[in-house]
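First up is the structure itself, then whatever we jot down about it.
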Amino acid sequence: TWRGYPSTSMRRGDFKLIEFHEDNTVALYNLKDDPGEQKNLAGTMPELAEKLHAQLNKWQKDTKAPIPTELNPEYDLAAKASKQKKTEET
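With positions in the sequence shown counted from 1, the corresponding number in my numbering is that position plus 8.
The structure is reproduced here in structure tokens:
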């Protein structure tokens, strides 16, 4: 079974930012150095993450992009947090 997370993403240069709508978190990856998106850089590069997130939010507002507003009752926040912690440690 595969499960995706409701999210929006953008790319600027080598960087990709993902905004996860269910828990309001972001992930930042350097696709040149980490094409498999294994190391979330949002914690170590907060200024870039915030800048890209602001650009993404502006785009969402300008385009009236639909964003999920109801939580998925089958979503397991603890499992995602555990997985995210593992990628930040590598």
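The beta carbon of each residue, even a glycine, is placed where N, CA and C say it ideally should be. Remember, it's a predicted structure, so these values are computed and weren't measured experimentally.
Q.
Using the Cβ count rule (16 or more neighbours within 10 Å means buried), how would you classify Ala62?
A. For the purposes of this step, residue 62 is taken as residue 54 along the sequence shown, with counting starting at 1. Classification of Ala62: exposed, given that the 10 Å Cβ count is below 16.
Q | Contact set for Thr14: own chain, Cβ-Cβ below 7 Å, skip 5 residues either direction | A | Counting from 1 along the sequence shown, the entry for residue 14 is found at position 6. With the sequence shown as reference, residue 14 is identified as Pro, and Thr is not the correct amino acid for it. Taken in chain order, the residues that qualify are His29, Glu30 and Pro76.
Q | Candidates Leu60, Pro43 and Lys47, of which the one nearest Arg20 by Cα | A | The sequence position of residue 20 within the sequence shown is 12, counting from 1. Considering only alpha carbons, the answer is Leu60.
Q. If you count every other CB in all the chains shown that lies within 10 Å of the CB of Leu25, and 16 or more means buried, which is it?
A. Sequence index remark: in the sequence shown, residue 25 carries index 17 (1-based). Buried.
Q. What are the start and end residues of the beta strand (DSSP E) that includes Leu36?
A. The residue labelled residue 36 in the question sits at position 28 within the sequence shown. It spans Thr33 to Asn38 - the beta strand (DSSP E) in which Leu36 sits, taken as one unbroken run.
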